[in-house]
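Asker: My structure is below; once you've seen it, I'll send some questions.
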Amino acid sequence: MGGNTLKWYFLGLSNGSGMFDISGTTWTVTILFVYGLKSVWIPWLWPVWNQMIVMIFMAIWLRRSGVMTGAEWITTRFGNDRGGKLAHIIVVVFAIISAIGFIAYFFVGIGKFAVTIFPWDLSFTIGAFRVISEYSYATILLVLTTLYVIKGGMYSVVATEVMQFVVMTVACIAVAWFAMDQVSAEQINAAVPNGWFDIMPGWQDGLDWGGLFDQVNDKIAQDGFGMFGAFVMMMFFKGIFSSLAGPVPGYDMQRVLSTRTPRDAAKMSGLTSLVVFPPRYLMVAGLGILGLVYVAPVLKAGGGEVDFEKILPYVINNLLPVGLKGIILAGLLAAFMSTVSAFVNAAPAYIVNDLYKRYINPNASEKKYLRISYISSAGIVVVGIIFGFFSASINSLTLWITSSLYGGYVAANVLKWIWWRFNGFGYFWGMLAGLAGSTIKFLFFPDTPDIFLFPIILAMAATGSFLGCLFTAPVDDQILIEFYKNVRPWGWWKPVLLKAREVYPGITKNKDLSRDTFNVMVAIVWQMTLIAAPIYFVVRHQSGLIVSLALFAITSIILKFNWLDKIKDYEKI
1 MGGNTLKWYF LGLSNGSGMF DISGTTWTVT ILFVYGLKSV WIPWLWPVWN QMIVMIFMAI
61 WLRRSGVMTG AEWITTRFGN DRGGKLAHII VVVFAIISAI GFIAYFFVGI GKFAVTIFPW
121 DLSFTIGAFR VISEYSYATI LLVLTTLYVI KGGMYSVVAT EVMQFVVMTV ACIAVAWFAM
181 DQVSAEQINA AVPNGWFDIM PGWQDGLDWG GLFDQVNDKI AQDGFGMFGA FVMMMFFKGI
241 FSSLAGPVPG YDMQRVLSTR TPRDAAKMSG LTSLVVFPPR YLMVAGLGIL GLVYVAPVLK
301 AGGGEVDFEK ILPYVINNLL PVGLKGIILA GLLAAFMSTV SAFVNAAPAY IVNDLYKRYI
361 NPNASEKKYL RISYISSAGI VVVGIIFGFF SASINSLTLW ITSSLYGGYV AANVLKWIWW
421 RFNGFGYFWG MLAGLAGSTI KFLFFPDTPD IFLFPIILAM AATGSFLGCL FTAPVDDQIL
481 IEFYKNVRPW GWWKPVLLKA REVYPGITKN KDLSRDTFNV MVAIVWQMTL IAAPIYFVVR
541 HQSGLIVSLA LFAITSIILK FNWLDKIKDY EKI
C-alpha cells in the first residue's frame, strides 16, 4: 500500500495510466470504427461510470474502513466468526479469478498488437501443439512486466505508471494531430454510413454498412448490439448495481485504500477520469478515422472474415511515420505494462495477506511472506496466460468479465453496504451462486450475449444472498456498531443506529442519499463530455464539440460546490 504516504495526485495518475491498456484501446478503436459516436455508450458495459460513484461517495466509505484489501474489509463488516471467514474466503477467490481473467484479456490484446507490429515470426511447435507468434509475444511481454512488479511492489508500480502516463499522453496528442492532418472531414463523411455521427441511442443501432463495408454488418450481428436501445438500458440497469457494489477487489480498490485520507481517495478517483479520457479519446478518434479512411479499403479488398481488433496495430504499423510510430509504440507498451503491473501487484496481496498469513502460517517471517508473494505473482500470470491461449477475442473476454463475472459479484456487494441484516453467510452464498452462474454461462452458453444473461446471473446471486442471510443469525452488534460508526453509509441501518447511540450518543444518520444520487447523475454527464468532446474535436463536428464543452463547464461548477466542497473525511460524533 506504500504505507499510505503517496500523494493522491500520483495515485490518480497511476490509476489513470492503468486505463490506457492496449486491449481496452484496441477494443475502443474497434467499436468507434463500427458504431461511430454511439460507441461512447458501449463502455457502460464495465460500467465506465463506476468511477463516478466511487468518486462521489464510495471511495470515502471505503477509505474510512482503514484496511489493506477488499477481503480484509469483509472482516470489519461481518466479523471473524464462521460466516465472516466464509465471506472472507469467497472474496479472495473472486479477486484471484478476476485477476486471472484480466491477465488473459491483456494477453489476447498484446498478442494481436505485437504480431502486427513486430517483424519476427516467433511461432513454434511442441509435439502436436503449435504456439503462434501472438502467444509468444504476449508471453514475453507479460514475463518482463511481472519481473519488475515482483521486485518493486507498490512504489515501483506507481513510479513507473506516472512516467508511463506522461509518455502515453504525449503519444495521444501526437496521434490526434497526425490523423487530423492526414484525414479531412470530407473523407470521414465519405467513409461512414448515415447515422455514424449520431450520439443519441435509438432502439436500433441505425447503421447500415451495406455497400460501404458489408462485413461490418456481420460484426454488429456477432456482437449482439443490433437492438441498441435495449442494450443501453440493460447496461444502465446493470451499471447501477455494479457501481453500488463498489470497486472490485483489484487495482482500483488498492489505489483507493492507498490514499492518505478519505477526502484524498475521492479526489484521486475524480482525477483519474479527468486526466485519462481526453487524451485517450483523442488517440482513439485519431486511430479510428485513419482506420476508416485508409485501412477499411484494404480490409474490404481482402474479402473473407475480417478481424476488426487488428485495426489499431495495422494503422500504427502502416500509416504512422517513423518517430511518431516510436512514440506511440513506447506509449502503448508502457500502458500495457502499467495495467498488467497493477493487477500483478494487487492479486498476491489476497493470496499472502488473506490466505497464507491468516489461515496457513500466521507466524512466518517477513522474508517468507515476500517469497510467497513472488511465487503467487508468477503463478497468477502463468494461469492467466493459459486462459489467454483459449480465449477467442478481446470482445468475448470483455463481455464475460463485465457481464457474467461481475454479474455474480453485484448482489452480495450491494447488500453489504446498504442493509444491516446482511451477514457473512449471505455474502458467501450470494457470491458462490453468482460465480456458479457466470461459470455456467462461460461453459454452456458461450454464444449468447453476456449482457442479456446478466439479470439471470443477478437473480441467482440475489437468491443465494437472501437465503444464506435469512436462515442464519445476524452479525454481532458490536461489529455492526463499529462498522457503522467508522464508515457511516446510507441505507437500511436504523436498528444499528439506535444501538450505536447508546455507545456514541452524538452519532447521526447519513442523510446524503439524495445529494449523492444527484451528484452521481451530474458526474455521469460530466464524464461523458470528457469522452465525447475529444472525438467531436478530431472528427471536426463543431456543434457536438460546443455542446460537450458547455455541459462540461456546467457540470464542473455543480460538482465543485455540491460535491468537492462538501466532502467529509470522517463524520463527527
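The opening residue of the sequence shown carries number 1 in UniProt numbering; numbering runs sequentially from there. We treat Cβ as the ideally placed atom computed from N, Cα and C, and that holds for glycine. It should be emphasised that the depicted structure is a prediction, and the values quoted were computed from it without experimental measurement.
1. Suppose the cutoff is 6 angstroms on Cβ atoms and the five residues either side in sequence are ignored; what does the same chain contact list for residue 181 look like?
2. How should residue 268 be labelled, buried or exposed, when 16 other C-beta atoms within 10 angstroms of its C-beta is the threshold for buried?
3. Using only alpha-carbon positions, find the residue among 483, 495, 567 and 516 that is nearest to residue 79.
4. Tell me whether residue 359 is buried or exposed, calling it buried when 16 or more other Cβ atoms sit within 10 Å of its Cβ.
5. Going along the chain, which residues of its own chain have a beta-carbon closer than 6 angstroms to the beta-carbon of residue 124, five neighbours each way excluded?
6. When burial is assigned at 16 or more other CB atoms within 10 Å of the CB, is residue 580 buried or exposed?
7. Can the beta-carbon of residue 311 be found closer than 7 angstroms to that of residue 92?
8. Since residue 335 and residue 164 are thought to touch, with beta carbons under 8 angstroms apart, how far apart are those beta carbons, to the nearest angstrom?
9. So, for residue 503: in the same chain, excluding its five sequence neighbours on each side, which residues have a beta-carbon less than 7 angstroms away from its beta-carbon?
10. Keeping to the same chain, check which residues put their C-beta closer than 7 angstroms to that of residue 282; ignore five residues upstream and five downstream.
11. Measure from the alpha carbon of residue 44 to the alpha carbon of each residue in 417, 96 and 241, then state which is nearest.
12. Sort 217, 555, 544 and 573 by Cα distance to residue 497 and report the nearest one.
13. Comparing C-alpha positions only, which one of 499, 35, 492 and 178 sits nearest to residue 223?
14. Following the continuous alpha helix (DSSP H) through residue 276, name the residue where it begins and the one where it ends.
15. Could you tell me if residue 323 is buried or exposed, where buried requires 16 or more neighbouring beta carbons within 10 angstroms of its beta carbon?
16. For residue 425 versus residue 472, is the C-beta distance shorter than 7 angstroms?
17. Give the DSSP-derived three-state secondary structure of residue 75 in the structure shown.
18. In terms of residues, what are the limits of the beta strand (DSSP E) holding residue 129?
19. Taking the alpha helix (DSSP H) that residue 125 belongs to, which residues open and close that run?
20. Taking just the CA atoms, how far does residue 422 sit from residue 430?
21. Do the CB positions of residue 338 and residue 17 come within less than 7 angstroms of each other?
22. Between residue 25 and residue 284, how many whole angstroms is the CB-CB distance? I'm expecting something under 8 angstroms.
23. Decide if the stretch 379–387 is in contact with the stretch 453–462; the criterion is three or more beta carbon pairs, one per stretch, under 8 angstroms apart.
24. Residue range of the alpha helix (DSSP H) that residue 495 falls in?
25. Using CA coordinates, which residue listed in 220, 461 and 309 is at the minimum distance from residue 433?
26. In whole angstroms, give me the CA-to-CA distance for residue 143 and residue 137.
27. List the endpoints of the continuous alpha helix (DSSP H) containing residue 223.
28. Across which residues does DSSP place residue 419 in a beta bridge pair?
29. Output the distance between the C-alpha atoms of residue 57 and residue 15, rounded to the nearest integer angstrom.
30. On the three-pair Cβ rule with 8 angstroms, is the stretch 501–520 touching the stretch 251–260?
31. Just verifying my parser: in three-state terms, what is the DSSP assignment at residue 459?
32. Is there a Cβ from chain D that is less than 7 angstroms from the Cβ of residue 123?
33. Where residue 100 and residue 340 are concerned, what is the direct C-alpha to C-alpha distance, given to the nearest angstrom?
34. Give me, in chain order, the residues of the same chain whose beta-carbon lies closer than 6 angstroms to that of residue 540; leave out the 5 immediate sequence neighbours on both sides.
35. Between the Cα of residue 194 and the Cα atoms of 515, 554 and 38, which residue gives the shortest distance?
36. So for residue 313, helix, strand or coil by DSSP?
Answerer: In short, the structure shows the following:
1. Cβ neighbours of residue 181 beyond the five flanking positions: none.
2. Result: buried.
3. When only C-alpha atoms are compared, the closest one is 483.
4. Exposed, since its Cβ has fewer than 16 Cβ neighbours within 10 Å.
5. Cβ neighbours of residue 124 beyond the five flanking positions: 131.
6. Because the chain is modelled from 1 through 573, residue 580 falls outside the range shown and cannot be assessed.
7. No. Outside cutoff.
8. Yes, they are in contact, since the Cβ atoms of residue 335 and residue 164 sit about 6 angstroms apart, within 8 angstroms.
9. So the list reads 481, once near-sequence residues are dropped.
10. Here the set comprises 172, 173, 176, 534 and 538.
11. For the residues 417, 96 and 241, the minimum Cα distance to residue 44 belongs to 241.
12. Nearest Cα to residue 497 within the set 217, 555, 544 and 573: 573.
13. The option with the nearest alpha carbon to residue 223 is 35.
14. It spans 262–290 - the alpha helix (DSSP H) in which residue 276 sits, taken as one unbroken run.
15. So residue 323 ends up on the exposed side.
16. Yes, the Cβ-Cβ distance between residue 425 and residue 472 is below 7 angstroms.
17. Correct three-state label for residue 75: helix.
18. 129–131 is the span of the beta strand (DSSP E), which, as asked, contains residue 129.
19. Segment 124–126 is the beta strand (DSSP E) holding residue 125; no alpha helix (DSSP H) there.
20. Rounded to whole angstroms, residue 430 and residue 422 show a C-alpha spacing of 11 angstroms.
21. In contact: residue 338 and residue 17 (Cβ atoms closer than 7 angstroms).
22. At roughly 7 angstroms, the Cβ-Cβ gap stays under 8 angstroms, so residue 25 and residue 284 are in contact.
23. Counting C-beta pairs closer than 8 angstroms gives fewer than three between the stretch 379–387 and the stretch 453–462, which falls short of the contact rule.
24. For residue 495, the uninterrupted alpha helix (DSSP H) segment begins and ends at 494–503.
25. It is 461.
26. Roughly 10 angstroms between the two C-alpha positions.
27. 214–223 is the extent of the alpha helix (DSSP H) around residue 223.
28. Answer is 492.
29. About 18 angstroms.
30. When Cβ pairs closer than 8 angstroms are counted between the two stretches, the stretch 501–520 is seen not to touch the stretch 251–260, the count staying below three.
31. In the structure shown, the three-state DSSP call for residue 459 is helix.
32. Among the chains of the structure shown, chain D does not appear; only one protein chain is present.
33. Those two C-alpha atoms are separated by around 11 angstroms.
34. 185, listed in sequence order.
35. With distances taken between Cα atoms, residue 194 lies closest to 38.
36. When DSSP states are grouped into helix, strand and coil, residue 313 belongs to the helix group.
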